[in-house]
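Read through the structure below, which is laid out as C-alpha cells, and then see the notes.
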Amino acid sequence: MEIRKNAAAGTLESSDIFICVEPYDQLSVQIQSVVQEQYMEAIHHTVFQVLEEFGVKSGKIRVNDRGALDCVIRARMETAIRRGGSR
Amino acid sequence: MMRRTMLFLPGNAPNMLINGDVLGADSIIFDLEDAVAPDEKDAARILVRNTLKYQKPTACETIIRINPLDTQEWRADLEEVIPCRPDLIMPAKAGCGQDIKVVADYMAQIEEQAGIQVGSTGILPLVETVLGVEKAFEIASAHRRVAGLFLGGEDLTADLHCKRTKEGQEIFYARSRIVCAARACGLDAYDTPFTDVEDMQGLVKDSQLARSLGFSGKAVISPRHVETVNAVFSPAPEEIQYARDVVEAIEEGKRQGKGAVSLRGKMIDAPIVKRAMQILDMERQMMGGDFQ
Chain A
1 MEIRKNAAAG TLESSDIFIC VEPYDQLSVQ IQSVVQEQYM EAIHHTVFQV
51 LEEFGVKSGK IRVNDRGALD CVIRARMETA IRRGGSR
Chain B
1001 MMRRTMLFLP GNAPNMLING DVLGADSIIF DLEDAVAPDE KDAARILVRN
1051 TLKYQKPTAC ETIIRINPLD TQEWRADLEE VIPCRPDLIM PAKAGCGQDI
1101 KVVADYMAQI EEQAGIQVGS TGILPLVETV LGVEKAFEIA SAHRRVAGLF
1151 LGGEDLTADL HCKRTKEGQE IFYARSRIVC AARACGLDAY DTPFTDVEDM
1201 QGLVKDSQLA RSLGFSGKAV ISPRHVETVN AVFSPAPEEI QYARDVVEAI
1251 EEGKRQGKGA VSLRGKMIDA PIVKRAMQIL DMERQMMGGD FQ
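Going line by line, the protein sequences match chains A and B. The numbering of the first sequence is the numbering used here, which starts it at 1 and goes up by one. The numbering of the second sequence is the numbering used here, which starts it at 1001 and goes up by one.
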C-alpha cells in the first residue's frame, strides 16, 4: 500500500496513540511515547511490523503514543494507513 | 447465561475497551453505533476487532452493537468482528423478523469464509422502535441465533413522540411487551439503561421495576451502575434459602412417595419448583459456576 494523502488516526488520550501519515519519497518514522524509557523498542517493533504487513515502503509516519497497548497501536496504524493509502 | 448487567463501552475508546472485563459486569457491549462519531466508524471497528483478537475479555461475555440495517456500516462491522468470535451481535433498531434473518445470513457467510462454525455467534436484537415493539415476538422467534430481546428506551421514546422520564410510564407497555415476547420464545429480556449516572436511588427504583416486570438484567452506561444493578438482579439470601428449602422438600416428598408436598404451610406446585431451580441456577453462576 502506498501513502497517497495526509491522514491521521487515534487520539492523545491516555491508553491511545495518535498516528499521522503523509506521502514522502522515502520511509521516515518518528516515534515519541510517554513510556519510551520502558517500551520504545516494543513500540518501534510493532509500528514497523504493521508497515511491513501493509507493504508501506515510503511515507512520513509520526507516532505519538500515550501508553497504548500493542493491539491499540496496531489498530491505529492500520486505520491511518488505510485512510491515507491506496493499493 | 446470566446477564444481570450489560455495560456499554464506546467502541473507539481504548482506555475503556481494554479494561472492560474488570468492571464487574456480566456482559460488556462494544458499541459501534451511537457512541462512535460517523467519521470514526472505520477506526472503531478496527479497534474493536483488535481488542477481540489480541485482548479478548475473559471474565465476561462480549457483545458488539452494530450499526442499523439502513446504514452502509453494518456489513463492514460484521466483516471485522465476526471472525474474532464475539459472543453476541446486537443489531441496532431491529424492526422485524426479516431484519434478523438478513443479519444472521450475512453472519453465516462470514463464518463460512473464516472457517469457523456457522452459528457460533448469537444475536441479541435491540428493539428500540415502535415497529420493533409491535413485532417483538416475530423478532424473538426469527432465528435460532436469537439469545434474547433487549429494549432500548431512548430511541423508542423519540419514535413514540414522547419524553423519556425517570418513572418510565411511557415505556411500560413496551417493557411488558418485550418481556412477554421473549418469554414466549423461552428467552430472556433485558432492560434499557437508566441514564442519570448520578441518581443512584433512581437507578435502584428503575432496576427493581424492571426485575418486577420479568426482565433478567439491565444495560448500564456507567461502570458506577454495575454493582447496584447486579445486586438488584441477584437473588436475595432469603430467596436462595427458600429455593433450597423447596428443592429439599420436593426430594423428601419423593422419598416418602408423596404426590403433593407443602412447605411452610403452602403447597409447592410446578411453577414454584421451576422458580426455585432458576434461583439456584443463578446462585451457581454467581458463585463462579460455568460462565457460559
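A virtual CB, placed ideally from N, CA and C, is assigned to each residue, including glycine.
- Task: Using three-state DSSP, classify GLN1292 (chain B) as helix, strand or coil.
- Result: Taking the first residue of the second sequence as position 1, residue 1292 (chain B) is located at position 292. Low confidence applies here, because GLN1292 (chain B) scores a pLDDT of 39, under 50, leaving its location unreliable; read the following figure in that light. Coil.
- Query: Taking only runs of the alpha helix (DSSP H) that begin and end inside the stretch 1038-1118 of chain B, which ones reach a length of at least 4 residues, in chain order?
  - Reply: 1041-1054, 1074-1081 and 1097-1114
- Can you list the residues of chain A that GLN1055 (chain B) reaches, using a CB-CB cut of under 7 Å? On the second sequence, residue 1055 (chain B) is found 55 positions in, with the first residue counted as 1. Here the neighbours are LEU69 and CYS71.
- Whole beta strand (DSSP E) runs in the stretch 1215-1274 of chain B with 3 or more residues, listed along the chain? 1217-1220
- Measure the C-alpha to C-alpha separation of VAL1204 (chain B) and PHE1233 (chain B) and round it to an integer number of angstroms. Start at 1 with the first residue of the second sequence, and residue 1204 (chain B) comes out as number 204. Start at 1 with the first residue of the second sequence, and residue 1233 (chain B) comes out as number 233. The straight-line gap from Cα to Cα measures roughly 10 Å.
- Task: Identify, in the order they occur along the chain, each residue of the same chain with its Cβ nearer than 8 Å to the Cβ of ILE1250 (chain B), setting aside the five sequence neighbours on each side.
- Result: Position 250 of the second sequence holds residue 1250 (chain B). Hits under 8 Å: VAL1261, ILE1268 and VAL1273.
- Task: Could you name the residues of the stretch 9-26 of chain A whose beta carbon sits closer than 9 Å to any beta carbon of chain B, in the order they occur along the chain?
- Result: ALA9, GLY10, THR11, GLU13, SER14, SER15, ASP16 and ILE17
- Answer yes or no: do VAL1127 (chain B) and LEU1151 (chain B) have a C-beta to C-beta separation smaller than 8 Å? As a first step, residue 1127 (chain B) must be located in the second sequence, where it is residue number 127. As a first step, residue 1151 (chain B) must be located in the second sequence, where it is residue number 151. Yes; because the gap between Cβ atoms is below 8 Å, this pair is in contact.
- Item | Opposing strand residues paired with PRO1010 (chain B) [DSSP bridges] | If you number the second sequence from 1, residue 1010 (chain B) lands on position 10. PRO1010 (chain B) pairs with B:ASP1031.
- Item | Element boundaries [beta strand (DSSP E), containing ALA1189 (chain B)] | As a first step, residue 1189 (chain B) must be located in the second sequence, where it is residue number 189. 1188-1191 is the extent of the beta strand (DSSP E) around ALA1189 (chain B).
- Could you name the residues of the same chain whose beta carbon sits closer than 8 Å to that of MET40 (chain A), not counting the 5 residues immediately before and after it, in chain order? Indexing the first sequence from 1 puts residue 40 (chain A) at position 40. Within the same chain, MET40 (chain A) has close Cβ partners ILE31 and SER33.
- Beta-bridge partners of GLY59 (chain A), as assigned by DSSP: On the first sequence, residue 59 (chain A) is found 59 positions in, with the first residue counted as 1. Answer by DSSP bridge pairing, in chain order: A:LEU27.
- Message: Against chain A, with Cβ distances strictly below 8 Å, would ASP1159 (chain B) count as a contact?
- Response: Indexing the second sequence from 1 puts residue 1159 (chain B) at position 159. No, ASP1159 (chain B) does not count as interfacial toward chain A.
- Query: When burial is assigned at 16 or more other CB atoms within 10 Å of the CB, is MET1107 (chain B) buried or exposed?
  - Reply: Start at 1 with the first residue of the second sequence, and residue 1107 (chain B) comes out as number 107. Burial call: buried.
- Message: For the structure I just gave you, are there three or more beta carbon pairs, one from the stretch 1076-1088 of chain B and one from the stretch 39-57 of chain A, closer than 8 Å?
- Response: no
- Task: Can you tell me which of B:GLY1214, B:ILE1221 and B:GLN1072 puts its alpha carbon nearest to the alpha carbon of LYS1041 (chain B)?
- Result: Residue 1041 (chain B) sits at position 41 when you count from the first residue of the second sequence. Of the candidates B:GLY1214, B:ILE1221 and B:GLN1072, the one whose C-alpha sits nearest the C-alpha of LYS1041 (chain B) is B:GLN1072.
- Query: According to a CB-to-CB cut-off of less than 8 Å, which residues of the stretch 1013-1031 of chain B neighbour chain A?
  - Reply: ALA1013, PRO1014, ASN1015 and ILE1018
- Task: State whether the stretch 52-72 of chain A contacts the stretch 6-16 of chain A, with contact taken as three or more CB pairs (one from each stretch) at a distance under 8 Å.
- Result: yes
- Query: Do the stretch 1137-1144 of chain B and the stretch 1096-1105 of chain B meet, that is, are 3 or more Cβ pairs less than 8 Å apart?
  - Reply: yes
- Item | Proximity test, Cβ basis, 8 Å: ARG82 (chain A) and chain B | Locating residue 82 (chain A) in the first sequence gives position 82, where the first residue counts as 1. For ARG82 (chain A), the answer is yes, since a Cβ of chain B falls inside 8 Å of its Cβ.
- Task: Examine chain B for any beta-carbon lying closer than 8 Å to the beta-carbon of GLU52 (chain A), and answer yes or no.
- Result: If you number the first sequence from 1, residue 52 (chain A) lands on position 52. Not an interface residue.
- Message: Please return the same chain residues whose Cβ sits closer than 8 Å to the Cβ of THR1228 (chain B), not counting the five positions on each side in sequence.
- Response: On the second sequence, residue 1228 (chain B) is found 228 positions in, with the first residue counted as 1. Once the five neighbours on either side are set aside, the close Cβ partners of THR1228 (chain B) are MET1200, LEU1203, VAL1204 and SER1207.
- Message: Let's test the definition: count the other Cβ atoms within 10 Å of the Cβ of PHE1215 (chain B) and tell me whether it reaches 16, buried, or not, exposed.
- Response: Residue numbering aside, residue 1215 (chain B) sits at position 215 when the second sequence is read from its first letter. It counts as buried.
- How long is the line joining the alpha carbons of VAL1197 (chain B) and VAL1118 (chain B), rounded to whole angstroms? Residue mapping note: residue 1197 (chain B) aligns to position 197 of the second sequence, counting from 1. Residue mapping note: residue 1118 (chain B) aligns to position 118 of the second sequence, counting from 1. Near 39 Å, if we compare the C-alpha coordinates of VAL1118 (chain B) and VAL1197 (chain B).
- For ALA1043 (chain B), return the contacting residues in chain A, with the cut-off set at a CB-CB distance below 7 Å. Locating residue 1043 (chain B) in the second sequence gives position 43, counting from the first residue. Within 7 Å Cβ-Cβ: ALA9 and THR79.
- Query: Between B:ASP1021, B:ALA1181, B:PRO1091 and B:VAL1226, which lies nearest to THR1195 (chain B) when the distance is taken from Cα to Cα?
  - Reply: The residue given as residue 1195 (chain B) occupies position 195 in the second sequence. Checking every option, the nearest Cα to that of THR1195 (chain B) belongs to B:VAL1226.
- Task: Taking only the alpha-carbon atoms, compute the straight-line gap between THR1192 (chain B) and GLY1153 (chain B) and give it to the nearest angstrom.
- Result: What you label residue 1192 (chain B) is simply residue 192 of the second sequence in a count that begins at 1. What you label residue 1153 (chain B) is simply residue 153 of the second sequence in a count that begins at 1. Rounded to whole angstroms, THR1192 (chain B) to GLY1153 (chain B) spans 5 Å at the Cα level.
- How would you list, in chain order, the residues of chain B whose beta-carbon sits under 7 Å from the beta-carbon of ALA75 (chain A)? On the first sequence, residue 75 (chain A) is found 75 positions in, with the first residue counted as 1. Correct list: ILE1046, LEU1047 and ASN1050.
- Task: Taking VAL1130 (chain B) and LEU1160 (chain B) to be in contact with their CB atoms under 8 Å, please state how far apart those CB atoms are, rounded to whole angstroms.
- Result: Your numbering for residue 1130 (chain B) matches position 130 in the second sequence. Your numbering for residue 1160 (chain B) matches position 160 in the second sequence. The pair is a contact, with the Cβ atoms about 6 Å apart (cut-off 8 Å).
- Query: Any idea what DSSP makes of ALA1142 (chain B), helix, strand or coil?
  - Reply: Locating residue 1142 (chain B) in the second sequence gives position 142, counting from the first residue. Residue state, collapsed to three classes: coil.
- Query: Using the C-alpha atoms, what's the distance from ILE1063 (chain B) back to LEU1023 (chain B)?
  - Reply: Taking the second sequence and counting its residues from 1, the one referred to as residue 1023 (chain B) is at position 23. Taking the second sequence and counting its residues from 1, the one referred to as residue 1063 (chain B) is at position 63. Looking at the two C-alpha atoms, the distance is approximately 15 Å.
- Give the C-beta separation of ASN1050 (chain B) and ALA75 (chain A) to the nearest angstrom, bearing in mind that I take them to be a contact with Cβ-Cβ under 8 Å. If you number the second sequence from 1, residue 1050 (chain B) lands on position 50. If you number the first sequence from 1, residue 75 (chain A) lands on position 75. Confirmed, about 4 Å.
- Query: Taking Cβ to Cβ, would you say MET1006 (chain B) is nearer than 8 Å to ALA1025 (chain B)?
  - Reply: Translated into positions along the second sequence, residue 1006 (chain B) becomes position 6. Translated into positions along the second sequence, residue 1025 (chain B) becomes position 25. Yes, they are a contact pair.
- Task: Give the C-beta separation of LEU1280 (chain B) and ARG1244 (chain B) to the nearest angstrom, bearing in mind that I take them to be a contact with Cβ-Cβ under 8 Å.
- Result: Walking along the second sequence from the start, residue 1280 (chain B) turns up at place 280. Walking along the second sequence from the start, residue 1244 (chain B) turns up at place 244. Indeed, because the Cβ distance is near 7 Å, the residues count as touching under 8 Å.
- In chain order, what residues of the same chain lie with their CB nearer than 7 Å to the CB of ARG1004 (chain B), ignoring the 5 residues before and after it? Working through the second sequence from its first residue, we reach residue 1004 (chain B) at position 4. Result list for ARG1004 (chain B): ASP1026, GLY1217, VAL1229, ASN1230, PHE1233 and SER1234, in chain order.
- Message: Tell me which residues share the same chain as LEU1078 (chain B) and place their Cβ nearer than 8 Å to its Cβ, disregarding the 5 neighbours each side in the sequence.
- Response: On the second sequence, position 78 is the one that residue 1078 (chain B) refers to. Cβ neighbours of LEU1078 (chain B) beyond the five flanking positions: ILE1066, ILE1089, VAL1103, TYR1106, MET1107 and ILE1110.
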